[in-house]
Amino acid sequence: MSHAKGRSHREEVYRASLTQASSGELDNGPIVYQMLSLPQETAKLLSFQNCGQFSMASKMADLDKADALLEELRAASLQPAQQELEQAKYDITDEELRPSFALPSVLESVCKLVKNLLGIQDGKPHAYCYFDPYSCPAEKRGGAWMRDVVSRSKLMALPGEDVRLPVAHMVCNQTPPVGDKPSLMTFRRLGQEQAGHGCGFQRSSAIH
Numbered sequence: 001m002s003h004a005k006g007r008s009h010r011e012e013v014y015r016a017s018l019t020q021a022s023s024g025e026l027d028n029g030p031i032v033y034q035m036l037s038l039p040q041e042t043a044k045l046l047s048f049q050n051c052g053q054f055s056m057a058s059k060m061a062d063l064d065k066a067d068a069l070l071e072e073l074r075a076a077s078l079q080p081a082q083q084e085l086e087q088a089k090y091d092i093t094d095e096e097l098r099p100s101f102a103l104p105s106v107l108e109s110v111c112k113l114v115k116n117l118l119g120i121q122d123g124k125p126h127a128y129c130y131f132d133p134y135s136c137p138a139e140k141r142g143g144a145w146m147r148d149v150v151s152r153s154k155l156m157a158l159p160g161e162d163v164r165l166p167v168a169h170m171v172c173n174q175t176p177p178v179g180d181k182p183s184l185m186t187f188r189r190l191g192q193e194q195a196g197h198g199c200g201f202q203r204s205s206a207i208h
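With UniProt numbering, letter number 31 in the sequence shown gets 31, and the count goes up by one each step, no holes.
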């Protein structure tokens, strides 16, 4: 969707996503309406016409200027607008950068960085990690995430071991490689924090 030029198409998909599980016993609409009405009531108690004026009272911009800016941005969603701005500013696109970020090379660099930052040396294992890098729409949702499988534990240690080592899994949605061509990452995806979450969990000295 980040490459779709038609605003109406992006809006249709966006609204369909927002209205999932919005009926029947899962409908939390009444609670949302109540949450939205409370700021309006607060603003009127403080002699503002609406909650927008109340919010902007402590800011440098005013409500009219904010509305005007939103009108300028309305024709484009945030991500396409960011891409157009970056291309105009740096004269380069994400697609042109992708060949520089082959997934195997990125993983190798991440491992080197972790070793240097945390002083990890090859040898005795400290933790384990399952990595599922590629998109599979029929079996998993979009996005990227890290979850713990088992935590560091003395109580659950195997016979002959002092402690059970932590195990994490990290899931991404990279485009799979084709033939001998590796999966390529975008510059934006290099900033995903899942590896950091994994390192924090796996290197934690907390014992459960």
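Glycine included, every Cβ here is placed at the ideal spot set by N, Cα and C. Just so you know, these numbers come straight off a predicted model, no measurement behind them.
Is it right to say residue i is buried, meaning 16 or more other beta carbons lie within 10 angstroms of its own, or is it exposed?
| i | result |
| --- | --- |
| M146 | buried |
| L184 | buried |
| R152 | buried |
| F131 | exposed |
| Q202 | buried |
Out of the options, which has the shortest C-alpha to C-alpha gap to residue i?
| i | options | result |
| --- | --- | --- |
| M156 | E11, H3 and I207 | I207 |
| residue 209 | S17, S37 and H3 | Limits of the chain in this structure are 1 at one end and 208 at the other, which puts residue 209 out of reach. |
| S204 | K181, P182, A168 and C136 | A168 |
| T93 | S151, H3 and E139 | H3 |
| G143 | Q194, A68, S109 and N116 | Q194 |
| K115 | P137, A61, F101 and G196 | G196 |
| P182 | L158, V110, F101 and I120 | F101 |
| residue 258 | V32, Q83 and G160 | Past the boundaries of the shown model lies residue 258; the chain is included only from 1 to 208, so the question cannot be answered. |
Taking Cβ to Cβ, would you say residue i is nearer than 8 Å to residue j?
| i | j | result |
| --- | --- | --- |
| P176 | Y134 | yes |
| T42 | R98 | no |
| L118 | C199 | yes |
| C51 | Q34 | no |
| A81 | L73 | yes |
| V106 | L190 | yes |
| L63 | Q53 | yes |
Tell me where the beta strand (DSSP E) around residue i begins and ends.
| i | result |
| --- | --- |
| A168 | V167 to Q174 |
| D132 | Y128 to Y134 |
How would you write the range of the alpha helix (DSSP H) that residue i sits in, first residue to last?
| i | result |
| --- | --- |
| R15 | R7 to L18 |
| R203 | Q194 to R203 |
| V150 | That residue, V150, is in no alpha helix (DSSP H); its beta strand (DSSP E) goes W145 to V150. |
| D67 | L63 to L73 |
| T93 | No alpha helix (DSSP H) contains T93, which DSSP labels as neither H nor E. |
| K115 | L103 to L118 |
| V32 | G29 to L45 |
| G160 | That residue, G160, is in no alpha helix (DSSP H); it is neither H nor E in DSSP. |
| F48 | Taken as a continuous stretch (DSSP letters only), F48 belongs to no alpha helix (DSSP H), as it is neither H nor E. |
Report yes or no: is there a C-beta of chain C within less than 8 Å of the C-beta of residue i?
| i | result |
| --- | --- |
| R141 | Among the chains in the structure shown there is no chain C, since it carries only a single protein chain. |
Hey, would you say the C-beta of residue i is under 7 Å away from at least one heavy atom of the ligand FAD?
| i | result |
| --- | --- |
| V163 | By its list of ligands, the structure shown contains no ligand whatsoever, and the ligand FAD lies outside what it can speak to. |
> Pairing CB atoms from the region 153 to 164 with CB atoms from the region 118 to 135, are three or more of them under 8 Å?
Replying inline: no
> Is the number of C-beta pairs between the region 86 to 100 and the region 169 to 179 that are closer than 8 Å three or more?
Replying inline: no
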